[in-house]
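The block underneath contains the structure these notes are about, expressed in structure tokens.
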Ligand code: ASP
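Residue numbers (the numbering used here): 111 to 682.
So, in structure tokens, the structure goes:
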């Protein structure tokens, strides 16, 4: 076999005139009748190879087609001045072929490797071909680097990397579990971990003090555009610490990763209370790359003259100022007013031009000082507080995208603190833990009858409007843990059955502890600017949870089912 002497990126001026051998794939072929030009691609680069007629290599080269795997021996030389290719790293060099060996032929590939086009379904079906694409290779190599840097960081701080099981018991992160039937104990099931939460807490009880793991997690949720049924977390837990300690370690990790991989200084990580985020941005993951905060008008101006926007006693009035732009039309603005109506809210708008409000509700605002500058548009919205906040929060993002005020390549990283401990589950008509039930509540809030008013020592890390991860200080005593289970309607019985082993562990000296988990797929996506999580995962699933290459989920044989003691509905 013609075995390579160099990787393509190693070919440089110092080797000019020398014989080299390269291995790789045929990226494209141009047969000019007299001469054949072939671009050869390996992981490291692309180079042009020239086959001149009359040679043995030329005769073989005639058979070449895209994606053939070859070995080429030849002389490295400088390309003629007018034939340099500035798009290729090795574009001013070429190889004049002496010998050629076809190591593997290829059928005509169903997708273009060197062009970013074609249906995603076909790309996913032939993922191993899709993965030859430069952008996917560079994303996955970036991801590899990020993982290595993560390990480097934690190792330098005495964290221990410990693996935890995939086959476990159902846990209460709030999503549905994937379950795996046991063959040996028919009728019983393992669950795949939604996260290593319980294990990492047990590792603290076991005295490991500082743990991390780059862990795979599985959640059987309805898939949305940016969710995968299995995903990767940088999972962390620490003993004898408080919230600030964990945030310092994680904040420094994020700074380190941005610096080491992208050479970007993200500066200090800011903090905001959950309640402020909701009031100002209508979201618990605010995008701080632009302003347009919501402002409360109720106590600021006399609302009597607001006409149809006048709030009732219980309602709020909020304003948002849109920067001057040529994009938002009257029709767009009326559209937001219509949407507001269908969300049981009232919305009006006006432009501020030459010192006066015009259009929309301009007349109602005559003489009112809202601190608006010339060219700006004001939106005023009235209605029930939570509904109003989240509606205006969505409008904020929508408008910012439309008028293109969100800067590229800027990263705004912040902590959201003091989340509510519980949230109301409308479907099941009960409160559930907002983060997870092992989270430490603010003890001074615990007497509150209204569970929605109890705050938790839990925190999210947000980057550019994406939730990058979450964590909390944990409960470390049994009575408090039992109390929380009770508040969310998990009976003593059920708690014992599901987490008995865990509750018992708290009776053998559990240290105060706290932790965090960062979503790797999302972090990598945002860092490389990928348009979807599938661009940063080697073998992803579609939004309907299918692997198109393996064609799975798929049926299993009767025998397999029988062995497991499972009979499918509809089968006899
Ligand atoms: N286990 C949590 C999660 O996956 C993270 C944590 O609290 O550490 O969201």
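Glycine residues also receive a C-beta, built at the ideal position from the N, C-alpha and C atoms.
Of the candidates 543, 411 and 117, the residue whose Cα lies closest to the Cα of residue 181 is 117. Following the DSSP letters along the chain, one finds residue 443 inside the alpha helix (DSSP H) bounded by residues 440-452.
DSSP places residue 208 in the uninterrupted beta strand (DSSP E) bounded by 203-214. For residue 152, the three-state secondary structure derived from DSSP is strand. Between the C-alpha atoms of residue 315 and residue 619 there is a straight-line separation of about 7 Å. In the displayed model, residue 130 falls within a strand according to three-state DSSP. The DSSP-derived three-state label of residue 629 is strand. The continuous alpha helix (DSSP H) containing residue 245 extends over residues 244-266. In the three-state reduction of the DSSP assignment, residue 527 falls in the strand class. Exclusion of residue 280 from the 6 Å shell around the ligand ASP follows from its C-beta lying no nearer than that to any non-hydrogen atom of the ligand. The distance from the Cβ of residue 371 to that of residue 259 is about 6 Å, consistent with a contact at the 8 Å cut-off. Around the beta carbon of residue 190, fewer than 16 other beta carbons lie within 10 angstroms, which makes this residue exposed. At the C-beta level, residue 312 and residue 615 come within 7 Å of one another.
For residue 164, same chain residues with a beta-carbon under 7 Å away, outside a window of 5 residues either side, do not exist.
In this structure residue 503 touches residue 393 by the C-beta definition: roughly 4 Å separates them, less than 8 Å. Proximity of the segment 520-537 to the segment 457-469 falls short of the contact definition, fewer than three beta-carbon pairs being nearer than 8 Å. Measuring C-alpha to C-alpha distances from residue 213 to each of 112, 666, 609 and 167 identifies 112 as the nearest. Residue burial is scored here from C-beta neighbours: residue 263 has at least 16 other C-beta atoms within 10 angstroms and is therefore classed as buried. Residue 583 sits buried, since 16 or more C-beta atoms from the chains shown fall within 10 Å of its C-beta.
If you look at residue 432, you'll find it in the beta strand (DSSP E) that goes 426-432. Residue pairing from DSSP places residue 161 in a beta bridge opposite 146.
Look at residue 512 here: in three-state DSSP terms it is helix. Here DSSP, grouped into helix, strand and coil, assigns residue 406 to strand.
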